[in-house]
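Novice: Residue numbers (the working numbering): 9 to 301.
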Amino acid sequence: MLEILEVDRPTAGPGEVVIEVVAAAMNPGEIAIREGAFATMWPAHFPEGQGNDFAGYIAQVGKGVGRFEVGDQVVGYLPRAAQADFVLAPVSQVVPKPHELSWEQAAAITGVGATAWAAVEAIAPHEGDTVVIAGAAGGVGSIATQLVQLRGASVVGTASAENAEFLRGLGAEPMLYGEGLFERMKARIGPPVTALIDTVGRGNVDIALALGVSPGRINTLVDGGAIQRYGVRSEAQESTTPQEWELLARMAASGAFHVPIEQVYPLEQVRQAYIDVATRHGRGKRILRMRAD
9 MLEILEVDRP TAGPGEVVIE VVAAAMNPGE IAIREGAFAT MWPAHFPEGQ
59 GNDFAGYIAQ VGKGVGRFEV GDQVVGYLPR AAQADFVLAP VSQVVPKPHE
109 LSWEQAAAIT GVGATAWAAV EAIAPHEGDT VVIAGAAGGV GSIATQLVQL
159 RGASVVGTAS AENAEFLRGL GAEPMLYGEG LFERMKARIG PPVTALIDTV
209 GRGNVDIALA LGVSPGRINT LVDGGAIQRY GVRSEAQEST TPQEWELLAR
259 MAASGAFHVP IEQVYPLEQV RQAYIDVATR HGRGKRILRM RAD
């Protein structure tokens, strides 16, 4: 059962900080973990926390921490522990939050932002490339769409018909997902597809291979079978570093890319938030707000 519990406030030890969380991101992977889908990779040990990526204020600094002071704004990454009023983190797991970046957008940086960054790095897009992003309207896809274009490549984004204008607004060519996608891609007028970022599975890797895309230029976040069968890539958030989180936060703050936010929920509505996340529909991220600021 998903419920909110009162627990003791953590205390920072050497090399640690306590953060008062303002906002934390919602991720569909949490649902799969609770259901046991990743039991061998990320086993659940109930009762346990949820969430990975967050933004907030430094509330306490442990011995030996010289980079941060109480009151500093930070973003961070804590697997299965981010959705709480206060979190305890090694100082290596937090980086400064630019003041220009909203709390909601900042909360997504170390999760979907970093995942999008890793996926784009994996396929190494360049001028002249045409990259298909499967699930381009989602949290990872919408950021990856922008990062690919910053490299000079073009994007074809698969999504529902309702999200076509949203993708055009991001500079992508929308393509309706689902049955008949291969035929639509074959009939498309334009340069050939040279790379794929797959955030949804559902045969997108097979379609890209049938279109002539090299396995080395395919990165899937979800299709484990394709990774085994074809040797395609599977870079995700775990391959990024705090230095890259900090770079992404600065880029977002400068307007180099935008972090779309679908909806913000108070902590008390966490159950409804996950019901909405499970639909896998929406534009960008869903965020939990822990406190007004």
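Beta carbons: idealized from backbone N, C-alpha and C, even for Gly.
Got a sec? Which residues, its chain only, sit under 6 Å from residue 275 by beta carbon, not counting five neighbours each side?
Specialist: 296 and 298
Novice: Okay, do the segment 83-99 and the segment 21-28 touch, 3+ Cβ pairs below 8 Å being the bar?
Specialist: yes
Novice: Contact criterion: CB-CB distance below 8 Å. Does residue 253 meet it with respect to chain B?
Specialist: Chain labels in this structure do not include chain B; a single protein chain is all it has.
Novice: Can you check which of these residues, 60, 134, 242 and 104, is closest to residue 88 by C-alpha distance?
Specialist: 60
Novice: Quick one: what does DSSP say residue 62 is sitting in, helix, strand or coil?
Specialist: strand
Novice: Just grab the DSSP bridge partners of residue 94 for me.
Specialist: 28
Novice: Hey, out of 145, 14 and 28, whose CA is closest to residue 20's CA?
Specialist: Checking every option, the nearest Cα to that of residue 20 belongs to 28.
Novice: Put residue 223 into one of helix, strand or coil per three-state DSSP.
Specialist: helix
Novice: In this structure, what does DSSP give as the bridge partners for residue 295?
Specialist: 33 and 272
Novice: In this structure, does DSSP put residue 203 in helix, strand or coil?
Specialist: strand
Novice: Are residue 245 and residue 153 closer than 8 Å when you measure CB to CB?
Specialist: Going by C-beta atoms, residue 245 is not nearer than 8 Å to residue 153.
Novice: Is residue 222 buried or exposed, if buried means 16 or more other CB atoms sit within 10 Å of its CB?
Specialist: Looking at its Cβ environment, which holds fewer than 16 other Cβ atoms inside 10 Å, residue 222 is exposed.
Novice: Just checking, does the segment 197-215 make contact with the segment 223-233 on the three C-beta pairs under 8 Å criterion?
Specialist: Yes: at least three Cβ pairs fall under 8 Å.
Novice: Is residue 212 near the ligand ZN, with its Cβ less than 7 Å from a heavy atom?
Specialist: Summarising the ligand content, the structure contains no ligands, and the ligand ZN is consequently not present.
Novice: Taking one C-beta from the segment 250-264 and one from the segment 105-113 each time, how about it: are there three or more such pairs within less than 8 Å?
Specialist: yes
Novice: Please state the DSSP three-state secondary structure of residue 184.
Specialist: strand
Novice: Report the rounded CA-to-CA distance for residue 247 versus residue 119, giving the unit in angstroms.
Specialist: 11 Å
Novice: By the 10 Å Cβ neighbour count, where 16 or more other Cβ atoms means buried, how is residue 71 classified, buried or exposed?
Specialist: exposed
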